[in-house]
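Chains as they are written, first to last, in my numbering: chain A, 765 to 936; chain B, 98 to 208.
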């Protein structure tokens with residue numbers, strides 16, 4: 765990659781990479797992870813194959829792997845995916861809405877959390893999410909469905925609080 | 098209450114905002130590349146040297162342990178035995194040789 769291409773890749777994707785790392789991992793680690801992602805791109809640019817997906821999906825894939833590695837180091841005996849995971853409604857009374865949403869998303873198993881973040885916050889199409897996480901589109905759909913069901917269960921108490929604001933936007 | 102649909106969920110999720118990349122992210126990443134791009138072959142060599150000095154390789158633990166054991170056995174096998182020092186024998190000369198002055202044969206065995 766030329767210096768101009770690297771600069772362009774950095775400018776185009778640094779925010780998405782940082783936001784994904786920030787939501788997947790703890791905010792303190794986000795900058796380290798984002799830095800490692802772009803240094804990985806600089807040291808081995810030939811690893812990116814345009815035929816396999818977009819550069820953003822490639823960079824988010826590296827981010828994902830680094831975030832999961834940190835999670836595995838901190839949760840050595842827990843599985844990444846818990847298909848039987850059913851989230852209970854959370855006690856959200858004492859939190860503000862954004863804080864409550866953050867807690868609920870972070871409470872999801874990592875493989876559900878990543879697809880929700882990429883779909884709802886980074887607005888990636890399913891094919892790019894599948895490329896980033898290294899899974900089939902069908903698997904991504906299934907995880908996304910379970911993640912949404914869990915989030916609805918956890919965030920049910922917030923509906924009354926947020927209901928008026930949602931009605932005002934007419935769901936936009 | 099109406100069922101909780103995906104649009105309402107999305108509305109709630111979007112209340113959680115994430116910050117953009119901090120300005121401090123740029124400095125560790127791009128200046129290294131700018132330095133590496135200058136110098137062509139020399140920069141490739143410099144990067145290789147830097148990797149040798151600071152890089153790392155991940156090795157599975159069983160392979161690492163097996164490699165250490167093989168190395169230890171090889172090092173033990175190569176250790177030369179301690180040399181046995183034999184004192185040098187005194188050189189033999191005939192300088193002090195004197196023939197017998199008087200011969201007295203005696204038959205042994207009979208009382």
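Cβ coordinates follow ideal geometry from the N, Cα and C atoms, glycine included.
Judged by pairs of C-beta atoms under 8 Å, the segment 890 to 905 of chain A does not touch the segment 99 to 116 of chain B, as fewer than three such pairs exist.
Residue environment analysis places residue 113/B among the buried positions, since at least 16 neighbouring C-beta atoms fall within 10 angstroms of its C-beta. Residues of chain A with a Cβ closer than 8 Å to the Cβ of residue 121/B are, in chain order, 795.
For residue 876/A, the enclosing alpha helix (DSSP H) has its first and last residue at 874 to 880. Residue contact with chain B for residue 783/A: present (Cβ-Cβ distance below 8 Å to some residue of chain B). If only uninterrupted alpha helix (DSSP H) runs of at least 4 residues are considered, those enclosed by the segment 138 to 173 of chain B are 138 to 151. Between the segment 141 to 161 of chain B and the segment 822 to 836 of chain A, the count of Cβ pairs shorter than 8 Å is below three; the stretches do not touch.
The C-beta of residue 798/A comes closer than 8 Å to at least one C-beta of chain B. Between residue 115/B and residue 786/A, the C-beta spacing is below 8 Å. Around the C-beta of residue 173/B, fewer than 16 other C-beta atoms lie within 10 Å, and the residue is accordingly described as exposed.
Nearest Cα to residue 788/A within the set 903/A, 873/A, 904/A: 873/A.
Taking the Cα positions, residue 870/A is about 29 Å away from residue 816/A. Taking 8 Å as the CB threshold, residue 142/B stays off the interface with chain A. Taking CB atoms only, residue 149/B has no neighbour in chain A less than 8 Å away. In the structure shown, residue 181/B falls within a coil segment according to DSSP collapsed to helix, strand and coil. With respect to the 8 Å criterion, residue 919/A and residue 879/A are not classified as neighbours on the basis of their beta carbons. Just measuring C-alpha positions, the residue of 791/A, 810/A, 768/A sitting nearest residue 127/B is 768/A. Here residue 834/A is actually not in contact with residue 804/A; their C-beta atoms are around 15 Å apart, not less than 8 Å. In this structure, the CA atom of residue 188/B is about 36 Å from the CA atom of residue 175/B. Separation of the CB atoms of residue 110/B and residue 904/A is rounded to 17 Å, and the pair is thereby denied contact status at 8 Å.
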